[in-house]
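Report on the following structure.
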Amino acid sequence: MYITRKKTRQIKVGKVGIGGDAPISVQSMTTTDTRDVKATVEQIQQLEQAGCEVIRVAVPDMEAAAALPKIKAQMTVPLIADIHFDHRLALKAAEVVDCVRINPGNIGAWWKTAEVIKAVNERGIPLRVGVNGGSLERPLLEKYGYPTAEALAESALNAVHALEDVGFTNMKVSLKASDVHLAVDAYWLFSLQSDYPLHLGITEAGTAQTGAVKSAIGIGWLLSHGIGDTLRVSLAADPVEEVKVGFEILKSLELRHRGINVIACPTCGRVEIDVVRMANELEKRLGHIKTPLNVSVLGCVVNGIGEGKEADIGIAGGEGVGILFKKGKLLRKVPAEELMETLIREVELLAKEKAAEEAGEEKLASAATPGNGGTVQSLLGKPSDSQTSITRDLPILPNKK
Ligand code: SF4
Numbered sequence: 048m049y050i051t052r053k054k055t056r057q058i059k060v061g062k063v064g065i066g067g068d069a070p071i072s073v074q075s076m077t078t079t080d081t082r083d084v085k086a087t088v089e090q091i092q093q094l095e096q097a098g099c100e101v102i103r104v105a106v107p108d109m110e111a112a113a114a115l116p117k118i119k120a121q122m123t124v125p126l127i128a129d130i131h132f133d134h135r136l137a138l139k140a141a142e143v144v145d146c147v148r149i150n151p152g153n154i155g156a157w158w159k160t161a162e163v164i165k166a167v168n169e170r171g172i173p174l175r176v177g178v179n180g181g182s183l184e185r186p187l188l189e190k191y192g193y194p195t196a197e198a199l200a201e202s203a204l205n206a207v208h209a210l211e212d213v214g215f216t217n218m219k220v221s222l223k224a225s226d227v228h229l230a231v232d233a234y235w236l237f238s239l240q241s242d243y244p245l246h247l248g249i250t251e252a253g254t255a256q257t258g259a260v261k262s263a264i265g266i267g268w269l270l271s272h273g274i275g276d277t278l279r280v281s282l283a284a285d286p287v288e289e290v291k292v293g294f295e296i297l298k299s300l301e302l303r304h305r306g307i308n309v310i311a312c313p314t315c316g317r318v319e320i321d322v323v324r325m326a327n328e329l330e331k332r333l334g335h336i337k338t339p340l341n342v343s344v345l346g347c348v349v350n351g352i353g354e355g356k357e358a359d360i361g362i363a364g365g366e367g368v369g370i371l372f373k374k375g376k377l378l379r380k381v382p383a384e385e386l387m388e389t390l391i392r393e394v395e396l397l398a399k400e401k402a403a404e405e406a407g408e409e410k411l412a413s414a415a416t417p418g419n420g421g422t423v424q425s426l427l428g429k430p431s432d433s434q435t436s437i438t439r440d441l442p443i444l445p446n447k448k
């Protein structure tokens, strides 16, 4: 599969670029009461630890808006305020956050939006125009009868054009629906008519498993057709799971490379080790590693090394003794009871080596300034692919129908 990413405009949410050549970022949203600063900051820190790159908090009232400075002071990734209904909350939030999300379907009269634009403009922060199938404007519902993809796209385009009419372009757009077909079609229709960066998501996707599948299909379809610049997987679960699923979607499409990718065989009658337990334990214990590594856990040696060829490192079970292999080559035999700990040690070592290698390359790259003996490209010989492997600028879109 060859992915041609649509080139959109780029905006900045804090330090994170969204759109253009920026890597597709993973977002999440806290589930705590924003007024409870301690609980919210704790969850934000868990999300940051999991690799979440942008975090949104709900701002349902003035007390929540007043808590934002304290929350912002204790986090490192950009903060987005999620506002519905009351534009005064957006005005308050805009004093401190890195982006404000408003829903044109429920913010009310145009003058209220105009005040929000003035506030975000003063701080140079962007807006997310978040259209939602559940809260479309009445005229569009009357025109289309119910929330269709066309209605969602028209709602988003209307909002974008209204903002452009007053000279505002610092925005990204989302068109969410809980129905996968509806969301995909809406994003696709909008993308055909606009080059603003898109925040992807299937809203209210469901529980950890159902929501992950729906999101992988919906978000995955869009990404695989070059659409989307940032994403949030909405799950009725711990938001850390949203981050994990978000990265898995990107890793599966080879759009991002981050952390450990566990390749585990499905097991069969030949299995010699507890693959399921080991694969789960690996994901948990190696979750702190950011260096991209494929780690393989295979139940037997019959197809072991062959099936694990794509892995950077891995193990295959045997009767009382397993094997440790690296890039498809046997390293050594390891007693079965030591396989897990040996693999963890080796992965940590490999991650350190790889991180040191990358740091060396970056140092080399920063030394390669013009007039200093060459270009980054000529010194490294290849572009860095540690974040986005496939970013091209041809605005080719699929013929979906
Ligand atoms: S690696 Fe071995 S145990 Fe796992 S699926 Fe293949 S043959 Fe079965």
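Quick note on numbering: the working numbering labels position 245 of the sequence shown as 292, and the sequence is numbered without any gaps. From the three backbone atoms N, C-alpha and C, an ideal C-beta is built for every residue, glycine too. Computed from a prediction, not measured in an experiment: that's the story for all the values here.
Going by beta carbon distance, what residues of the same chain come within less than 6 Å of G293, once the five residues before and after it are set aside?
-> On the sequence shown, position 246 is the one that residue 293 refers to. Annotation for G293: V73, L278, V280 place their beta carbon closer than 6 Å to its own, counting only its chain and skipping 5 residues before and after.
D359 versus P313, I91, V309, V349, residue with shortest Cα-Cα distance | If you number the sequence shown from 1, residue 359 lands on position 312. Of the candidates P313, I91, V309, V349, the one whose C-alpha sits nearest the C-alpha of D359 is V309.
As assigned by DSSP and simplified to three states, the class of A69 = For the purposes of this step, residue 69 is taken as the residue at position 22 of the sequence shown. The DSSP-derived three-state label of A69 is coil.
Contained beta strand (DSSP E) runs [length at least 3] in the region 91-163, N- to C-terminal order = Those beta strand (DSSP E) runs which fall completely within the region 91-163 and span 3+ residues are 101-105, 126-129, 146-149.
For C99, verify whether its CB is less than 7 Å away from any heavy atom of ligand 1.
-> On the sequence shown, position 52 is the one that residue 99 refers to. No, ligand 1 has no heavy atom inside 7 Å of this Cβ.
Consider the C-beta atom of R317 and the heavy atoms of ligand 1; say whether any pair is separated by less than 7 Å.
-> Counted from its first residue, the sequence shown places residue 317 at position 270. For ligand 1, at least one heavy atom lies less than 7 Å from the Cβ of R317.
Could you name the residues of the same chain whose beta carbon sits closer than 7 Å to that of A403, not counting the 5 residues immediately before and after it, in chain order?
-> As a first step, residue 403 must be located in the sequence shown, where it is residue number 356. So the list is empty, once near-sequence residues are dropped.
Would you call H304 buried or exposed, if buried means 16 or more other Cβ atoms sit within 10 Å of its Cβ?
-> Position 257 of the sequence shown, counting from 1, holds the residue named residue 304. Buried, by the Cβ-count rule.
Determine the DSSP secondary structure at T55, reduced to helix, strand or coil.
-> The sequence position of residue 55 within the sequence shown is 8, counting from 1. Reduced to three states, the DSSP call for T55 is coil.
What is the residue span of the beta strand (DSSP E) that L340 lies within?
-> By 1-based counting over the sequence shown, the position of residue 340 is 293. In this chain, the beta strand (DSSP E) harbouring L340 covers 340-345.
Residues that DSSP places opposite V231 in a beta bridge = The residue labelled residue 231 in the question sits at position 184 within the sequence shown. The partner list for V231 (beta bridge, DSSP) is empty, contrary to what the question assumes.
Chain-order list of residues whose beta-carbon lies under 6 Å from that of L247 (same chain, five-residue window excluded) | Taking the sequence shown and counting its residues from 1, one reaches residue 247 at position 200. Leaving aside the five residues that flank L247 on each side, the residues in its chain whose CB is nearer than 6 Å to its CB run, in chain order, I266, L269, G275, L278.
Flag this pair as yes or no: are the beta carbons of L183 and E162 separated by less than 8 Å?
-> Against the sequence shown, residue 183 aligns to sequence position 136. Against the sequence shown, residue 162 aligns to sequence position 115. Not a contact, by the Cβ cut-off of 8 Å.
Check whether the Cβ atoms of V207 and Y234 lie closer than 8 Å to each other.
-> Along the sequence shown, read from residue 1 onward, the residue named residue 207 stands at position 160. Along the sequence shown, read from residue 1 onward, the residue named residue 234 stands at position 187. Not a contact, by the Cβ cut-off of 8 Å.
Span separating the alpha-carbon of E201 from that of P151 | Sequence index remark: in the sequence shown, residue 201 carries index 154 (1-based). Sequence index remark: in the sequence shown, residue 151 carries index 104 (1-based). Taking the straight line from one Cα to the other gives about 12 Å.
Rank G361, R103, L236 by C-alpha distance to the C-alpha of L329 and give the top, closest one.
-> Sequence index remark: in the sequence shown, residue 329 carries index 282 (1-based). For L329, the nearest C-alpha among the options comes from G361.
What's the gap between the Cα of I65 and the Cα of K59?
-> For the purposes of this step, residue 65 is taken as the residue at position 18 of the sequence shown. For the purposes of this step, residue 59 is taken as the residue at position 12 of the sequence shown. Rounded to the nearest whole angstrom, the CA to CA distance from I65 to K59 is 6 Å.
Does ligand 1 have even one heavy atom less than 7 Å from the beta-carbon of G367?
-> Counting from 1 along the sequence shown, the entry for residue 367 is found at position 320. Outside the cutoff, so no.
Does the beta-carbon of V213 have 16 or more other beta-carbons within 10 angstroms, so that it is buried, or is it exposed?
-> Translated into the one-based positions of the sequence shown, residue 213 becomes position 166. Label assigned to V213: exposed.
Where does H208 sit, in a helix, a strand or coil, going by DSSP?
-> Locating residue 208 in the sequence shown gives position 161, counting from the first residue. DSSP, reduced to helix, strand and coil, places H208 within a helical segment of the structure shown.
Span separating the alpha-carbon of G192 from that of G181 | By one-based count along the sequence shown, residue 192 stands at place 145. By one-based count along the sequence shown, residue 181 stands at place 134. Rounded to the nearest whole angstrom, the C-alpha separation of G192 and G181 is 13 Å.
For V176, which option in K85, I130, E197, R170 has the closest C-alpha, if you only look at C-alpha atoms?
-> Mapped onto the sequence shown, residue 176 falls at position 129. V176 has its Cα closest to that of I130, out of K85, I130, E197, R170.
Residue range of the beta strand (DSSP E) that includes A311 | Here the question's residue 311 lines up with position 264 in the sequence shown. Counting along the chain, the beta strand (DSSP E) containing A311 begins and ends at 307-311.
For A112, which residues from the same chain have a beta carbon less than 7 Å from its beta carbon, with the 5 sequence-adjacent residues on both sides left out?
-> Translated into positions along the sequence shown, residue 112 becomes position 65. Excluding the 5 residues flanking it on each side, A112 has same chain C-beta neighbours closer than 7 Å at V106, L136, K139, A140, in chain order.
So, is D68 buried or exposed, given that buried needs 16 or more other C-beta atoms within 10 angstroms?
-> One-based indexing of the sequence shown puts residue 68 at position 21. D68 is exposed by the Cβ-count criterion.
Which one or two residues does DSSP pair with H246 in a beta bridge?
-> In the sequence shown, the residue the question calls residue 246 occupies position 199. DSSP lists T277 as partners of H246.
DSSP three-state call for V63: helix, strand or coil?
-> As a first step, residue 63 is located in the sequence shown; it is residue number 16 there, counting from the start. Residue state for V63 is assigned as strand, using DSSP reduced to three classes.
L345: beta carbon under 7 Å from a heavy atom of ligand 1?
-> On the sequence shown, residue 345 is found 298 positions in, with the first residue counted as 1. Yes, since a heavy atom of ligand 1 falls inside the 7 Å radius drawn around the Cβ of L345.
Output the boundary residues of the alpha helix (DSSP H) element that contains P286.
-> For the purposes of this step, residue 286 is taken as residue 239 along the sequence shown, with counting starting at 1. Note, P286: alpha helix (DSSP H), 286-299.
Best match in C99, T77, V342, T338 for proximity to K356 [C-alpha to C-alpha] = Translated into positions along the sequence shown, residue 356 becomes position 309. Restricting attention to C99, T77, V342, T338, the CA atom closest to the CA of K356 is found in V342.
Between N327 and E142, what straight-line distance do the alpha-carbon atoms span, to the nearest angstrom?
-> To locate residue 327, count along the sequence shown from 1; it is residue 280. To locate residue 142, count along the sequence shown from 1; it is residue 95. Each residue's alpha carbon lies about 43 Å from the other.
Of the choices D83, V63, E189, L188, whose alpha-carbon is the least far from that of I127?
-> Along the sequence shown, read from residue 1 onward, the residue named residue 127 stands at position 80. Nearest to I127 by alpha-carbon distance, out of D83, V63, E189, L188, is V63.
Please confirm whether any heavy atom of ligand 1 lies closer than 7 Å to the CB of V349.
-> Within the sequence shown, the letter at position 302 stands for residue 349. Taking non-hydrogen atoms of ligand 1 into account, the C-beta of V349 is found less than 7 Å away from one of them.
When the Cα atoms are used, what is the spatial distance from V290 to E319?
-> What you label residue 290 is simply residue 243 of the sequence shown in a count that begins at 1. What you label residue 319 is simply residue 272 of the sequence shown in a count that begins at 1. So the two alpha carbons sit approximately 33 Å from each other.
Span separating the alpha-carbon of L339 from that of E295 = Here the question's residue 339 lines up with position 292 in the sequence shown. Here the question's residue 295 lines up with position 248 in the sequence shown. Residue identity check: residue 339 is Pro in the sequence provided, not Leu. Each residue's CA atom was taken as its position, placing P339 and E295 some 12 Å apart.
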